[in-house]
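Chemist:
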Amino acid sequence: MAIGLGVVLILAGLILLSNAVTLNLSHVNDTSLGWVLLLVGVLAIVISLVVNEQRSRRTVVQERREFHDEPRI
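What follows is the structure, encoded as structure tokens:
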């Protein structure tokens, strides 16, 4: 889910950086907001991949018993 959110943020950031859409907000610069969305999107994807990698690690413990055919005294 975080990978999809990261992709959406990256796309929104690239749209704002390319000036395809302009926002008429008095206190927000479109280019700066585009860079912030782009960086946050990349960060969301990286964090999601790191968390998923840690979640998929497993430790397998294998117990071996050796049986000998020699009679015990």
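Numbering (this note's numbering), first residue to last: 1 to 73.
By construction, the Cβ of each residue, glycine as well, lies at the ideal position given by its N, Cα and C atoms.
Cutting at 6 angstroms between CB atoms, please list the residues of its own chain near residue 34, excluding the five before and the five after it.
Modeler: In the sequence shown, residue 34 corresponds to position 34, counting from 1. Only 13, 16 and 17 meet the Cβ criterion.
Chemist: Please go through the same chain and pick out, in chain order, the residues whose beta-carbon is closer than 7 angstroms to the beta-carbon of residue 5, but skip the five residues on each side of it.
Modeler: Numbered from 1 along the sequence shown, position 5 holds the residue referred to as residue 5. Closer than 7 angstroms at the Cβ level, and outside the excluded window around residue 5, lie 44.
Chemist: Over the uninterrupted alpha helix (DSSP H) stretch that includes residue 55, give me the two end residues.
Modeler: The residue labelled residue 55 in the question sits at position 55 within the sequence shown. Residues 30-56.
Chemist: What number of angstroms, rounded off, separates the C-alpha of residue 2 from the C-alpha of residue 42?
Modeler: Residue 2 sits at position 2 when you count from the first residue of the sequence shown. Residue 42 sits at position 42 when you count from the first residue of the sequence shown. Whole-angstrom Cα-Cα distance: 10 angstroms.
Chemist: Leaving out five residues on either side along the sequence, give the residues of the same chain with a beta carbon under 7 angstroms from the beta carbon of residue 11.
Modeler: Counting from one through the sequence shown, the residue named residue 11 turns up at place 11. Closer than 7 angstroms at the Cβ level, and outside the excluded window around residue 11, lies no residue.
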